[in-house]
Amino acid sequence: MSLPEPFRLLAFLVGLMGFVALNAAYLVWVERKTAGRIQRRPGPTEVGWAGLLQPVADGLKLLSKQFIVPPGADALLFRLAPLLVIAPGLMGLALMPFGESLLALDVNLGLLMVFAFGSINVLALMVGGWASRNKYAIISAARVVSQDIAYEIPMLLAALTLMMVAGTLNLSEIVALQEGPFWRWNLFRLDLNPLMPLTFLIFYTCMLAETNRAPFDMAEAESELVAGAFTEYAGMGFGVFFMAEYANIVLGCSLMTVLFLGGWQSPFGAYSGVWWFLLKLYFLVFSVIWVRWTFPRTQFYNLLNLSWEILIPFSLFTLILTAAMMKVM
Amino acid sequence: MKNRLKEIASGLGSLVTGMRLTLAQFFKKDVTVQYPHQALEMPPRFRGHIELVLDEDTGRAACIACKLCEKACPSECIAVEGVKPEGGGKKMVTEYQLDFTRCSLCAACVEACKSEAIRFSREYNLAGRSKEDFHLDLLRRLEEQSKEHAARTPPADAGEAQP
Amino acid sequence: MSTAPFSRNGTPPETFVLNLGPQHPATHGVLRVKLTMDGEYVMRAEPVCGYVHRMHEKMGENRTWAQFLPNTSRIDYLSAMNYTHAFVGAVERGAGIAVPPRAEYLRVITSELNRISSHLVWFGAFLLDLGGFTPLLYAFDDREQILDLLEGVCGARLTYCYYRFGGLCNDVDDNFIEGTRAFVRRMQPRFKLYHQLVTENIILRKRLEGVGPITAEQCRKYGASGPVCRGSGIPYDLRRAEPYSIYPELDFDIPVFSEGDCLARYLVRMEEMRQSLRLIEQALNRLPDGPVVAEKVPRTIKMAPGDYCFAVEAARGRFAVRVVSDGTDTPYRVKLRTPSFSNLSLFEETSAGMMLPDALALMGSLDLVIPDIDR
Amino acid sequence: MNADLAALAERCAVLFPEGVQLIDYAKRGFHLDLKVDPSQVVEAARLFEGEGFAIDTLTGVDWIKEEQFEVVYDYYHPRHAWRVAVRTRIPRDNPTLPTISPVFPGANWHEREARDFFGIHFAGHPNMEPLLLPEDADYHPLRKDFAA
């Protein structure tokens, strides 16, 4: 498969967009089915066999709805916000090493770029919230900003620990380093950083907060702020926000798979390939959904205290510990 | 500092138990009834809208149009008209209108009726396009049911005429 | 707990008015709260009610005594049995009608079942306000058992019109008694599940501890009753303070917590459900035989002129009916004293300075039923 | 229990000469019945507030034959579980009563409701707008001469 350079990248990007769209649609189905199972009810079963056509029906419904710009809203920013939200998800996934050669962009600073794109998400939600001139949306925009800043730092510190353990920022090299049976994965490399599972947990919590999911869904708190930043969006505007949420979850989970669980490496050394990557990815995505339907929402200042008082000290401590271990080893 | 760590540890513990419980529920059978495909059986004392009782021997409604139910109803939803047959005997009901949009199913009429002529039906599939759909003419309904009932007389139906 | 930085170095805060509109997921009904907000902090919350006002008290004046019965279960549809018990009690007290013991026991059993089903609805809705969706489904799964039991007995699921002056409209059958015993057995492990899944959850604890403190003084000044005042240390429960029906014969205790925050009110209601189960079990064991309605209950009630009160401990607190009669067969005046009316009146004072999610947690812990406020 | 209740009854009898009655709870549902002159309403409220009573409700009754409104204040004591009804009579043509909301803030809403249903004006009340009726409601439904 050796297409000349620009076409190979183009094919990858189109493939990625299809992957994100398919993911967004069918993760909604998985979420509603899982929520149903947890709550002892069947979930969607009417549309298609076991509700499989439900996402298609939702998509068609959203497409047929009119995209209304509320009066007095800042029309340009209002239309720009959905684009700004979906872009980082796509670009982040472009850097992700799905398989040995299944990699859109092999960039030496892969990890740094993923985080750079990740922070655009905050800007987009804020622009969306501010531009829709709705009091609930403005409150939610303010919350998004402070929440994501508070959780960017521990995430970066945890990623820094990883960078020291792996020695490189190039994602495919990080995965290559984790070759061999599963105890070679970074998660179990206690020789380099004895508190690696703790770093994994911190990274997982911060990823939840970054994507405004589950216990940290202050931005889109449906029982307080009606629908948060995208209250005023209808039709495909809301659809894109919805898709972006799932794209960000997939981005976060795939980043964790690459950094901690050895990307496309197989647990027993042989037959590594993209299927292992997808298996680990969807296990993590399932856990994100599982967390959402178990816990209530945290309170806003507890959320910030949790980050400033617990996550940041712990991640700093693991960073210094790893540095010390590297020095000693 | 010590109890803060203990608090964090117990906090994590509670989160893990929460996750364990929801996973346990995940694998259990679901408890809901899929309404359009499966329907629940209504208990004998279920209160649907009232319906007239068929008097077996005369083959007509048992109601003697004494209007006790009309007086007892708090929201005036019953309108009864009756006529005295020339040959004497009990009055016959000629018209029994029930305005089900105002009825609050309080059983005042059923208890007020001395001749056991009305009872609660077990109807609950009551969708209608306009309010007039719920101005029910119980007499006509009774005639339709008895016609239907007569049409399929051979199977001994348990007296429960389902319209 | 969040306290508002209102006057930042003296400059008056620019506030904006946020309408927690008549249609809002957190109000569980048609209640509008005008919030004057400074950023995320609520400076003044002014509830605007009257959207579900149906004027039950005027209906009481132009219907006969028996015709007002269906109204009583539509004032607070979640504890319809207790509300009918209050009106029926007031009329029996006025007209001097004795109620046979079996009817009294069955009234206690059905009222306590109704209290548990109302607390289960509150538990689900309260967790929903805090963002946890799943407990609502588990609570409603349990509540279905109660609704099926009561539907088997009186034919209705929510607005039962089961009590009559002098007793009940019909007797219970065996599978009601078997079903209730099975329900009581089934609830013990369910409470353990709720306890582990929700009460011990660190996120919920952080969300409720110290949030929305209501002092005993405020409860007294505003007349708050039920779990709201028992959460602030006032052990005032009508089943003990002003005993009616056969509650003095049954032994149960009144859960009282003195912190007065949302967690205290939450624990009061959870403990109250357990006590109700104890009550039901005892009442079932001692259920006497005999008639279910007094023999000579006059068709049209005649009552000596004067006013009579009867109060009942409904799920939300003290529900009292004051009946003024002038000797005719229609009441001269029916006053309905509802608990949510007083419980909501203290929301304005207690929610000043809180953040929006805390204020909603406080409103959820007051367990409001909006038609109960507007009547 | 009823020893202190009797003592309370004496103190009320001194302050409010119009009439104090001890009522059998089983018959009427409250323990103490107090007839009070409209001007002494706030004084009664302050007395019961001092004793540790809580405000329960405020009931209006329209005695159209006697051309009078009867307003009944209900107080209950959370510790001793006493229940007191304080009654006043005010003329029907311009019914005004002093407000007791400074003593019992809870009465604020009850007074607004009485204003909605009967048109009784409470002097000194912080905001006398309608509570349950629409803002522009000028009718008072619970008056006997209210034509629906």
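Residue numbers (the numbering used here), protein chains in the order written: chain A, 203 to 531; chain Y, 894 to 1056; chain U, 61 to 435; chain X, 260 to 407. Where is the CB? At the ideal position from N, CA and C, for every residue including glycine.
Any idea if R351/X is buried or exposed, counting beta-carbon neighbours within 10 angstroms, 16 or more meaning buried?
Against the fourth sequence, residue 351/X aligns to sequence position 92. The residue is buried, with at least 16 neighbouring Cβ atoms inside 10 Å.
Alpha carbon to alpha carbon, how far is G952/Y from S425/A? Give it in angstroms, no decimals.
-> For the purposes of this step, residue 425/A is identified with residue 223 of the first sequence, where counting begins at 1. For the purposes of this step, residue 952/Y is identified with residue 59 of the second sequence, where counting begins at 1. Going by the C-alpha atoms only, they are around 58 Å apart.
Practice prompt. Work out the CA separation of T247/A and A525/A for me, nearest whole Å.
Written response: Your numbering for residue 525/A matches position 323 in the first sequence. Your numbering for residue 247/A matches position 45 in the first sequence. So the two alpha carbons sit approximately 53 Å from each other.
- Find the residues of chain U that neighbour C999/Y, judging by a C-beta separation of less than 7 Å, and give them in chain order. As a position in the second sequence, residue 999/Y is number 106, starting the count at 1. Those are L129, P130, C221, listed as they occur along chain U.
*Selection from V377/A, F444/A, W387/A, V490/A that minimises the alpha carbon distance to C408/A*: For the purposes of this step, residue 408/A is taken as the residue at position 206 of the first sequence. Looking at the Cα atoms, V490/A is the closest of the given residues.
Check whether chain U comes within 8 Å of S1008/Y, counting only Cβ atoms and requiring the distance to be less than that. Position 115 of the second sequence, counted from the start, is the residue given in the question as residue 1008/Y. Closer than 8 Å: no.
Give a yes or no on whether the minimum CB-CB distance between G1021/Y and chain A is below 8 Å. Start at 1 with the first residue of the second sequence, and residue 1021/Y comes out as number 128. Output row for G1021/Y: interface = no.
- Item | Neighbourhood of D1050/Y by C-beta, 6 Å cutoff - its chain only, sequence neighbours within 5 removed | Taking the second sequence and counting its residues from 1, one reaches residue 1050/Y at position 157. For D1050/Y, the predicted structure reports a pLDDT of 47, less than 50, and the residue's modelled location is therefore unreliable. A value from the coordinates is still provided. Excluding sequence neighbours, D1050/Y sits near nothing in its chain.
Which ranges does the alpha helix (DSSP H) cover as unbroken runs of at least 4 residues, wholly within the stretch 356–400 of chain A, from first to last along the chain?
373–379, all fully within the stretch 356–400 of chain A.
Coarse secondary structure for Y223/U, derived from DSSP in three states = What you label residue 223/U is simply residue 163 of the third sequence in a count that begins at 1. Three-state DSSP puts Y223/U in a strand.
Exercise. Keeping to the same chain, check which residues put their C-beta closer than 7 Å to that of A354/U; ignore five residues upstream and five downstream.
Key: Start at 1 with the first residue of the third sequence, and residue 354/U comes out as number 294. Answer for A354/U: I157, A158, V159, P160, G226, G227, listed in chain order.
Quiz item: Which of helix, strand or coil does DSSP assign to D1030/Y?
Solution: In the second sequence, counting from the first residue as 1, residue 1030/Y sits at position 137. Three-state result, D1030/Y: strand.
Counting only Cβ pairs nearer than 9 Å, list the residues of chain X close to D389/U. Here residue 389/U refers to the residue found at position 329 when the third sequence is read from its first residue. What D389/U touches in chain X: nothing, since even the nearest Cβ is about 17 Å away.
Q.
Please return the same chain residues whose Cβ sits closer than 6 Å to the Cβ of A276/U, not counting the five positions on each side in sequence.
A. In the third sequence, residue 276/U corresponds to position 216, counting from 1. Taken in chain order, the residues that qualify are S292, G293, I294.
For L356/X and F381/X, believed in contact at Cβ under 8 Å, the rounded distance = Translated into positions along the fourth sequence, residue 381/X becomes position 122. Translated into positions along the fourth sequence, residue 356/X becomes position 97. Rounded, the Cβ-Cβ distance is 6 Å, consistent with contact.
_Close-in-space but distant-in-sequence residues of the same chain around P290/A (CB under 7 Å, 5 per side omitted)_ = Within the first sequence, numbered from 1, the residue matching residue 290/A stands at position 88. Same-chain partners within the cutoff: F319, G320, I322, N323.
* In or out: E373/U buried (at least 16 other Cβ within 10 Å) or exposed? -> Stepping through the third sequence from its first residue, residue 373/U is reached at position 313. Classification of E373/U: buried, given that the 10 Å Cβ count is 16 or more.
Taking its Cβ as the centre, do 16 or more other Cβ atoms sit within 10 Å of L274/X, making it buried, or is it exposed?
Residue mapping note: residue 274/X aligns to position 15 of the fourth sequence, counting from 1. It counts as exposed.
Short Cβ contact (8 Å threshold) for M193/A with Q349/A: The structure shown does not extend to residue 193/A, since chain A is modelled only from 203 to 531, so the question has no answer here.
Notebook entry, point to check: Using 8 Å as the limit for Cβ to Cβ distance, is F407/U near chain A?
Noted result: For this step, residue 407/U is matched to residue 347 along the third sequence. No, F407/U lies away from the interface with chain A (no Cβ there is under 8 Å from its Cβ).
Relative to the C-alpha of E332/U, which residue among R175/U, N131/U, Q127/U, D233/U is closest? Counting from 1 along the third sequence, the entry for residue 332/U is found at position 272. The shortest Cα separation from E332/U among R175/U, N131/U, Q127/U, D233/U belongs to R175/U.
| message | Strictly below 7 Å CB to CB, what residues from chain X border I157/U? | response | Position 97 of the third sequence, counting from 1, holds the residue named residue 157/U. Taking a Cβ-Cβ threshold of 7 Å, none of the residues of chain X is close to I157/U; the smallest such distance is about 13 Å.
| Cβ separation of L461/A and K482/A, assumed to be a contact under 8 Å, to the nearest whole Å | As a position in the first sequence, residue 461/A is number 259, starting the count at 1. As a position in the first sequence, residue 482/A is number 280, starting the count at 1. Between L461/A and K482/A a beta carbon distance of about 11 Å is seen, past the 8 Å cut, so the two are scored as non-contacting.
Within 10 Å of its beta-carbon, does Q256/A have 16 or more other beta-carbons around it, so buried, or fewer, so exposed? Translated into the one-based positions of the first sequence, residue 256/A becomes position 54. Around the beta carbon of Q256/A, 16 or more other beta carbons sit within 10 angstroms, so the residue counts as buried.
Item to complete: Determine, using beta carbons only, whether C214/U comes closer than 8 Å to chain Y.
Response: One-based indexing of the third sequence puts residue 214/U at position 154. Yes, C214/U counts as interfacial toward chain Y.
(message) Please tell me whether G365/X and R338/X are closer than 8 Å, where the distance is taken between their beta carbons.
(response) In the fourth sequence, the residue the question calls residue 365/X occupies position 106. In the fourth sequence, the residue the question calls residue 338/X occupies position 79. Here G365/X is not near R338/X, since their CB atoms are 8 Å or more apart.
request  = Decide if P417/U is buried, meaning its Cβ has at least 16 other Cβ atoms within 10 Å, or exposed.
outcome  = As a working mapping, residue 417/U is identified with position 357 in the third sequence. Buried: at least 16 other Cβ atoms inside 10 Å.
Worksheet item: Bridge partners of L426/U, per DSSP?
Response: For the purposes of this step, residue 426/U is identified with residue 366 of the third sequence, where counting begins at 1. Here L426/U is not bridged, per DSSP, to any residue.
Beta carbons nearer than 8 Å to chain Y: which residues of the stretch 488–507 of chain A have them? Residues passing the 8 Å Cβ filter: W492, V493, W495, T496, F497.
Thinking C-beta only, is P389/X closer than 8 Å to I349/X? Numbered from 1 along the fourth sequence, position 90 holds the residue referred to as residue 349/X. Numbered from 1 along the fourth sequence, position 130 holds the residue referred to as residue 389/X. Their beta carbons are not under 8 Å apart, which means I349/X does not touch P389/X by this criterion.
*Does the beta-carbon of Q927/Y have 16 or more other beta-carbons within 10 angstroms, so that it is buried, or is it exposed?*
For the purposes of this step, residue 927/Y is taken as the residue at position 34 of the second sequence. Counting other Cβ atoms within 10 Å of its Cβ, Q927/Y stays below 16 and is therefore classed as exposed.
Residues of the stretch 237–248 of chain A with a CB closer than 9 Å to any CB of chain U: list them in chain order, please.
Those residues of the stretch 237–248 of chain A that come within reach of chain U (Cβ to Cβ, closer than 9 Å) are A237, I240, Q241, R242, R243.
So, under 8 Å CB-CB, K266/U and Q501/A are touching, yes? Tell me the CB distance rounded to an integer number of Å. Along the third sequence, one-based indexing puts residue 266/U at 206. Along the first sequence, one-based indexing puts residue 501/A at 299. The beta carbons of K266/U and Q501/A sit about 6 Å from each other, so the pair counts as a contact at 8 Å.
**Prompt:** At a Cβ threshold of 8 Å, is L908/Y touching chain U?
**Reply:** Taking the second sequence and counting its residues from 1, the one referred to as residue 908/Y is at position 15. Output row for L908/Y: interface = yes.
Environment of T194/U [buried if 16+ CB atoms lie within 10 Å]: The residue labelled residue 194/U in the question sits at position 134 within the third sequence. Under this definition T194/U is a buried residue.
Are I314/X and Y334/X close, meaning C-beta to C-beta below 8 Å?
-> What you label residue 314/X is simply residue 55 of the fourth sequence in a count that begins at 1. What you label residue 334/X is simply residue 75 of the fourth sequence in a count that begins at 1. Cβ atoms of I314/X and Y334/X: closer than 8 Å.
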